[in-house]
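Chemist: One structure, pasted below without further comment.
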Amino acid sequence: MSIHILTNIFKHLLQRPLKSLLVLLISIPTLLILLLDVVDLIFANLPPAKEESFPRLACLLSSILNPLLKGQCVISDPKLIAPAPLPEMVIYLLLTLLLLMVIFYFAVNWSLLKVIRLRKEAELTRQQAEIEKQKLQEAAKKGEKFILGPSFNRKWNPYKAEFEITDTETPAVMSAIHLSRHTLIVAPTRSGKTFNLIRPIITVCHAAKYASIFFDPKGNDFDPALFDINFSMQESEKATSIRLCLINPDLEPTKAANKLAEALIAANKDNPFFSDAARQGLVAFLIGHHVVYSEYPELFQVLEYTGDEDKRGQLIAEVDEISKKDGTTEKEIALQRRAQEALNLLKVAENRTKSKSDVMGSLYNALLPITSGQFRSYVTTNPNQGITVSKMLENKLVVRIAFTADEGDIGKALGKIIIQQFTDTVLSPRVDKSYLKLIVIDEAHNYVCEALKIGVAQAAGNNAGYMMAFQSLKQIDDEAARSIIFGNCKNKVIIAGAEFFDADTFSKDFGEEELAKISKSNTQSNSASSSNSRGDGQSQSGGSAGLFSFMNTDTATAGKQSTSKSNSLSQSESKSQSSGESISHQRRPIWLTRELSTIPRYHAVCVLDDGSSKATPEPHLVRFLKPDERKLVEPTAYKMRDMNLPTRLLAATPIPTKALKTKATETQEDEESGEEASNTAKKPTVEKHKVAKSGKPAGKKPKSAMAEIQIEGEE
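For the sequence shown, this note's numbering assigns the number 1333 to the initial residue and increments by one for each residue that follows.
Right under this line is the structure:
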């Protein structure tokens, strides 16, 4: 044990040569003096030859040992001593030295153990930090964590009255809990938000199997190969693009029709009558067609209703007939109720058309862009011909929705429909809360709608999150919507280059804190004074120059003259100097507007809140990871799923539709059905049930579109 301690002592000394040299220079003379005092004390029984005082240490030890020696060694005067016998003195001195050695041993041992303990604690802390780092890296590889980058601490300097930034090894991390509490990103163009924030989340969603929808506002921000399915109305992607179902089949038909009409037909603030009438007309045709055919009409079929009075009349007649039937079951009663509602709406639309209010013209103009040209095959109202958002979320798909500037208002309307369906799905009481459902909306100002406000306010409890990116909060024209979005997003990120308005908004949201300010005062005064006096005197006697002597007249007379001079000089100088410190406290924003406006490039100030603390987390400065750093924590433990979609769900496949009925077509169908009935009556019945080519009984309700999707590697 002693050898181990001495070894550690020598190692400690070698690691600090300057300090060790200083200790040796002090300790060696001290030990020599101690030895000399001991020797002097041993031979103190000899009477001193001179009147010299004994060493102070001898007097001190004698005073300490006096009770032990029972009065045999008493020093009342430093010059006098009554020594004990030499053997006893030697024994007591040896015991004293032994006691000092024991004390020294324990002192050194305690100090060394303390050093070792501190070093072990530091090593243990370092090992724990390394373990946490490895765990975090493994979690990031699995997609359980999303690492934004290293964060920085800010320490207040009271003397400079400013924050000093220090680097830390703690990274800024987001998990599924963070994402479910909504995220607001404010970043100007080309600030790196797509590469540093949005794109890495795609791989995280794949690895963690989160259901996610990503908006691609430019159409080329993301590689389509990174997603399970893609929706893009660009001609180059038509072969692989899915067809989007605009109607949510999980909702009651009237409610679903109203939501679609609200999203497709924008409200006209200047003249709301025509937009409201067009919405009511669309709802009437959707519900009425559904009552008659048990399916929604395609939008181009609604367009046919608006331009053909005969088809509208036939639809109204059939709906009227169904509304008059007395239902016996709950389903029949509900159908009768919807028929009566549809009939009222259809009659109102028809009456408005006859009164020249041009309801059909308004509806026609609203639907024409999306039902003509290249857009017609990309959307449907039939769940068996397209994919709904609810099916995307149910199958945990990672989806890309590409809307470019070419789509214009159509893209904005479709984006709002997707947000609407997402909100309806995640707020449904039947929603599965076991996994994250995420929608990432870049250029979100194009898609601010009522459904977005409702979802941000209510969806967090259902494990669903909205991530919205704006170039500036000023893009949100509706102040109420801006307040709802900003207040309900618990994670806020402002990236370098933000405008003054955004920096000021975030600065106020981050709050204030009371900080100390130390002011140093140093006053110095110098004073100097000097005085200088000078006197001249002159006297004259014995003569007179006369009044006009300067004219050198002969009247001047000579006399005696004397002159005297005196000078005196005095100076004084004084100096005074005083210094001191004064402490004052002031409230200051945690982040000034000026500081947020001058964030370094590829940095951001983030507030990441997972709800674990009642207090709002402090904002931290974060540096985004570089590409080589991102590769170290990017999820790799996942496999892309191979989607085998039925061809009918692709935009390249035409939509099969039935022709709308008119009086002429109905008469023709009745004649054909009568002939077919007479022909079948002549044939003997062989089978009780007609079987389709697929082997399934005819007339059976087809499965939903996503039920036929096969995902490789999953049951």
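Note that CB positions come from ideal geometry on N, CA and C, so glycine has one too.
Just so we're clear, the structure is a prediction, and the values are computed from it rather than from any experiment.
If you compare alpha carbons, which of D1741, Q1752, R1708, A1666 is closest to E1567?
Modeler: Counting from 1 along the sequence shown, the entry for residue 1567 is found at position 235. When each option's Cα is compared against that of E1567, the closest is R1708.
Chemist: Rounded C-beta distance between C1938 and N1714? I'm assuming under 8 angstroms.
Modeler: Numbered from 1 along the sequence shown, position 606 holds the residue referred to as residue 1938. Numbered from 1 along the sequence shown, position 382 holds the residue referred to as residue 1714. Their Cβ separation, rounded to whole angstroms, is 44 angstroms, which puts C1938 and N1714 out of contact at 8 angstroms.
Chemist: Assign N1785 to one of three DSSP states: helix, strand, or coil.
Modeler: Working through the sequence shown from its first residue, we reach residue 1785 at position 453. The residue you asked about is not Asn; residue 1785 is Lys in the sequence shown. Under the three-state reduction of DSSP output, K1785 falls in the helix class.
Chemist: Measuring straight from C-alpha to C-alpha, what distance separates R1669 and S1655?
Modeler: If you number the sequence shown from 1, residue 1669 lands on position 337. If you number the sequence shown from 1, residue 1655 lands on position 323. In a straight line, the C-alpha of R1669 is about 7 angstroms away from that of S1655.
Chemist: Just mark L1400 as buried or exposed, buried being the case when its beta carbon has 16 or more other beta carbons within 10 Å.
Modeler: Translated into the one-based positions of the sequence shown, residue 1400 becomes position 68. Note that L1400 scores a pLDDT of 49, beneath 50, so its modelled location is shaky and nothing firm can be said.
Chemist: Run through the DSSP bridge pairs and tell me what P1482 is partnered with.
Modeler: Here residue 1482 corresponds to residue number 150 of the sequence shown, with the count starting at 1. In the DSSP assignment, P1482 forms a beta bridge with P1503.
Chemist: Please state whether the Cβ-Cβ distance between A1504 and S1483 is less than 9 angstroms.
Modeler: Against the sequence shown, residue 1504 aligns to sequence position 172. Against the sequence shown, residue 1483 aligns to sequence position 151. Going by C-beta atoms, A1504 is nearer than 9 angstroms to S1483.
Chemist: Beta-carbon within less than 8 angstroms of Y1779's beta-carbon, same chain only, minus the 5 sequence neighbours each way: which residues are those?
Modeler: Translated into the one-based positions of the sequence shown, residue 1779 becomes position 447. Same-chain partners within the cutoff: F1547, K1744, G1747, K1748, I1751, I1773.
Chemist: Please report the distance separating the alpha-carbon of H1777 from that of S1851.
Modeler: As a first step, residue 1777 is located in the sequence shown; it is residue number 445 there, counting from the start. As a first step, residue 1851 is located in the sequence shown; it is residue number 519 there, counting from the start. Roughly 47 angstroms separates the two Cα atoms.
Chemist: Would the region 1836–1847 count as touching the region 1925–1944 if we require 3 or more Cβ pairs under 8 angstroms?
Modeler: yes
Chemist: Applying the criterion that 16 or more other CB atoms from any shown protein chain within 10 Å of the CB defines a buried residue, is H1538 buried or exposed?
Modeler: Along the sequence shown, one-based indexing puts residue 1538 at 206. Within a 10 Å sphere around the beta-carbon of H1538 sit 16 or more other beta-carbons, which makes this residue buried.
Chemist: Taking 9 angstroms as the threshold (C-beta atoms), are E1630 and I1987 in contact?
Modeler: Walking along the sequence shown from the start, residue 1987 turns up at place 655. Walking along the sequence shown from the start, residue 1630 turns up at place 298. Yes.
Chemist: What is the DSSP secondary structure of S1945, reduced to helix, strand or coil?
Modeler: Taking the sequence shown and counting its residues from 1, one reaches residue 1945 at position 613. Coil at S1945, not helix or strand.
Chemist: Of all the options H1510, P1549, E1966, which has the alpha carbon lying nearest to the alpha carbon of V1825?
Modeler: Sequence index remark: in the sequence shown, residue 1825 carries index 493 (1-based). Considering only alpha carbons, the answer is H1510.
Chemist: What is the DSSP secondary structure of S1626, counted as helix, strand or coil?
Modeler: Locating residue 1626 in the sequence shown gives position 294, where the first residue counts as 1. It is coil, neither helix nor strand.
Chemist: For Q1301, write down the residues that DSSP places opposite it in a beta bridge.
Modeler: The chain is shown only over 1333 to 2047; residue 1301 falls outside these bounds and no answer can be derived.
Chemist: Determine the DSSP secondary structure at W1488, reduced to helix, strand or coil.
Modeler: Along the sequence shown, read from residue 1 onward, the residue named residue 1488 stands at position 156. DSSP places W1488 in strand when its eight states are reduced to three.
Chemist: Can you tell me whether L1675 is buried or exposed? The criterion is at least 16 other CB atoms within 10 Å of its CB, across all chains shown.
Modeler: Numbered from its first residue, the sequence shown carries residue 1675 at position 343. The residue in question, L1675, is buried, as its Cβ has 16 or more Cβ neighbours within 10 Å.
Chemist: When you compare each of K1492, E1846, E1650, G1693 to F1605 by their alpha carbons, which one comes out closest?
Modeler: Here residue 1605 refers to the residue found at position 273 of the sequence shown. Among K1492, E1846, E1650, G1693, the Cα nearest to that of F1605 belongs to G1693.
Chemist: Run through DSSP, which three-state label would P1986 get?
Modeler: Counting from 1 along the sequence shown, the entry for residue 1986 is found at position 654. Residue state, collapsed to three classes: coil.
Chemist: Would you report the Cα separation of R1933 and L1529, rounded to the nearest angstrom?
Modeler: If you number the sequence shown from 1, residue 1933 lands on position 601. If you number the sequence shown from 1, residue 1529 lands on position 197. So the alpha carbons of these two residues sit roughly 14 angstroms apart.
Chemist: By the 10 Å Cβ neighbour count, where 16 or more other Cβ atoms means buried, how is I1660 classified, buried or exposed?
Modeler: Looking up residue 1660 in the sequence shown gives position 328. At residue 1660 the sequence reads Thr, which differs from the Ile that was named. It counts as exposed.
Chemist: Checking the sheet assignment: what are the DSSP bridge partners for T1498?
Modeler: What you label residue 1498 is simply residue 166 of the sequence shown in a count that begins at 1. Bridge partners of T1498 according to DSSP: N1485.
Chemist: State the DSSP-derived secondary structure class of F1547, mapped to helix, strand or coil.
Modeler: Here the question's residue 1547 lines up with position 215 in the sequence shown. Strand, per DSSP.
Chemist: I'd like the span of the alpha helix (DSSP H) that includes I2048, first residue to last.
Modeler: Look at the range of the chain in this structure, 1333 to 2047, and you will see that residue 2048 is not part of it.
Chemist: What number of angstroms, rounded off, separates the C-alpha of V1711 from the C-alpha of S1573?
Modeler: Counted from its first residue, the sequence shown places residue 1711 at position 379. Counted from its first residue, the sequence shown places residue 1573 at position 241. Going by the C-alpha atoms only, they are around 11 angstroms apart.
Chemist: I'd like to check one pair, N1820 with A1783: are the Cβ atoms closer than 9 angstroms?
Modeler: Start at 1 with the first residue of the sequence shown, and residue 1783 comes out as number 451. Start at 1 with the first residue of the sequence shown, and residue 1820 comes out as number 488. Going by C-beta atoms, A1783 is not nearer than 9 angstroms to N1820.
Chemist: Do G1475 and T1515 have their beta-carbon atoms positioned less than 9 angstroms apart in this structure?
Modeler: Taking the first residue of the sequence shown as 1, we reach residue 1515 at position 183. Taking the first residue of the sequence shown as 1, we reach residue 1475 at position 143. No, the Cβ-Cβ distance between T1515 and G1475 is not below 9 angstroms.
Chemist: Which same chain residues end up closer than 6 angstroms to A1698 when comparing Cβ atoms and leaving out the 5 residues on each side of it in sequence?
Modeler: Here residue 1698 refers to the residue found at position 366 when the sequence shown is read from its first residue. If we look at A1698 and ignore the five residues flanking it on each side, its Cβ neighbours are I1597, A1610.
Chemist: For G1787 and F1754, which I take to be in contact (beta-carbon distance under 8 angstroms), what is that distance rounded to the nearest angstrom?
Modeler: Translated into the one-based positions of the sequence shown, residue 1787 becomes position 455. Translated into the one-based positions of the sequence shown, residue 1754 becomes position 422. Indeed they touch by this definition, with Cβ atoms about 7 angstroms apart.
Chemist: Once DSSP output is grouped into helix, strand and coil, what is the label at V2023?
Modeler: Numbered from its first residue, the sequence shown carries residue 2023 at position 691. Note that V2023 has pLDDT 31, beneath the 50 cutoff, so the model's placement of it is unreliable and the number below is only indicative. Strand at V2023.
Chemist: Quick check on the burial criterion: 16 or more other C-beta atoms within 10 angstroms. Buried or exposed for A1508?
Modeler: Here residue 1508 refers to the residue found at position 176 when the sequence shown is read from its first residue. Buried, by the Cβ-count rule.
Chemist: Mind checking whether T1985 and R1575 have CB atoms under 9 angstroms apart?
Modeler: For the purposes of this step, residue 1985 is taken as residue 653 along the sequence shown, with counting starting at 1. For the purposes of this step, residue 1575 is taken as residue 243 along the sequence shown, with counting starting at 1. Result yes, Cβ atoms of T1985 and R1575 sit closer than 9 angstroms.
Chemist: Tell me whether L1647 is buried or exposed, calling it buried when 16 or more other Cβ atoms sit within 10 Å of its Cβ.
Modeler: Within the sequence shown, the letter at position 315 stands for residue 1647. So L1647 ends up on the buried side.
Chemist: According to DSSP, is P1959 part of a helix, a strand, or is it coil?
Modeler: Translated into positions along the sequence shown, residue 1959 becomes position 627. Correct three-state label for P1959: helix.
Chemist: Using the three-state DSSP reduction, which class does F1559 fall into: helix, strand or coil?
Modeler: For the purposes of this step, residue 1559 is taken as the residue at position 227 of the sequence shown. Note: F1559 maps to coil in three-state DSSP.
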